[in-house]
Amino acid sequence: MSLMRRVDEARKGYATGDQTLSAHAHSPERIAQAAVEEHGGAAQQYIGDMVYGGLDGIVTTFAIVSGVAGAKLGSSVILVLGLANLLADGFSMATGAYLSTKSDQEYFDRERERERWEVDHYPEGEKAELLEVYRNRGYDPEDASALVEIHSRNPDRWVEAMMFDELGMIKDDRKPTRSALATFIAFLIAGSVPLLVFLLGLVVPIPAQTAFWTSLILSGVALFLLGAAKVLVTKRSLFRSGLETLLIGGLAAGVAFAVGALLEGLVD
């Protein structure tokens, strides 16, 4: 069992109050087994990108549908603006995910290089810094000194201790290109949901009101499901997370519809 599966088991034991399951997850055998296996699947690292990319996709696209519907501009305008948004905004979000991940990793690497240089050139100063960190956390002077001594025996471990304990930084192992791709694909798939009925309308005639209400229902279901999927990241209540996302997305759509209705007279 991988480390992440063991942690999920521990979380489930905590959430359900199952002490037997929790004890099983914390048994020496289970911990040792998880330590030597792969630390979670590669796809698991990108769940956050997929969930939040999908949420942004469906909210922004349905906001466009609502705005155009409020202005009574017709299905063709909805399709043009909706598809343009899917590609342009999806690409923008993917670019943002790529640059954000890459920038965070470059900053982490730069800070680690600095800490490595300081450990090599000012070891006593670095020990003093780490000692102060541990003392501020409540360790007594003897225990804090022992921790510093243990970490400083190995330069690599020492640098990692400075990164985490002093700077609070953890290495992000995600690939920037994969993070961008996960965001873009999720945005594209989820963002297309409000447009499905209008695409179908190109083949089968569908009244404008029927198309809008069908899009509304599909978008509402998708919003709830995507919100519920956030529990894969947040580990919170499935129903509450889904309802919260549905309400926020509905509010965005309502604002867009109201603006479209107010500006209807400006359009010929």
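First residue of the sequence shown: 4, per this note's numbering; consecutive thereafter. Even for Gly, the Cβ is constructed at its ideal location relative to N, Cα and C. Every value quoted in this text rests on a predicted model; they were computed, and no experiment measured them.
- Taken through DSSP and simplified to helix, strand or coil, Pro126 comes out as helix.
- In its chain, beyond the 5 residues on either side, Val68, Pro197, Val200 have a beta carbon closer than 6 Å to the beta carbon of Ser218.
- Counting the other Cβ atoms within 10 Å of the Cβ of Phe167 gives fewer than 16, which makes it exposed.
- Where Tyr55 is concerned, the enclosing alpha helix (DSSP H) starts and stops at 50-74.
- With fewer than 16 other beta carbons inside 10 angstroms of its own, Gly171 counts as exposed.
- Restricted to the region 164-201, the alpha helix (DSSP H) segments that are unbroken, complete and at least 4 residues in length are 179-194, listed in chain order.
- Here the alpha carbon of Ser78 sits roughly 52 Å from the alpha carbon of Glu114.
- Its chain contains Arg177, Arg181, Ser182, Ala185 as the residues whose beta carbon lies nearer than 7 Å to that of Tyr49, once the 5 sequence neighbours on both sides are disregarded; these appear in chain order.
- The criterion of a C-beta distance shorter than 8 Å is not satisfied by Gly57 and Leu249.
- Setting aside the 5 residues that flank it on each side, Ala256 is surrounded in the same chain by Phe65, Ala66, Ser69, each with a C-beta closer than 6 Å to its C-beta; the list follows chain order.
- For Ser222, the uninterrupted alpha helix (DSSP H) run begins and ends at 211-232, by DSSP.
- Under a 10 Å Cβ-count criterion, Asp146 is classified as exposed, with fewer than 16 other Cβ atoms of the shown protein chains found around its own Cβ.
- DSSP places Asn157 outside both helix and strand once states are collapsed to three, so it counts as coil.
- The residues Leu241, Ser244, Gly245, in chain order, have a CB closer than 7 Å to that of Ala231 in the same chain once the five nearest residues on each side in sequence are set aside.
- The C-beta of Lys174 has fewer than 16 other C-beta atoms within 10 Å across all chains shown, which makes the residue exposed.
- When the Cα atoms are used, Asp159 and Ala100 turn out to be separated by approximately 30 Å.
- If the five residues before and after Ile220 are omitted, its C-beta is found closer than 8 Å to no C-beta atom of its own chain.
- Each of Gly51, Ala72, Val62, Asp59 was checked against the Cα of Ala261, and the nearest Cα belongs to Ala72.
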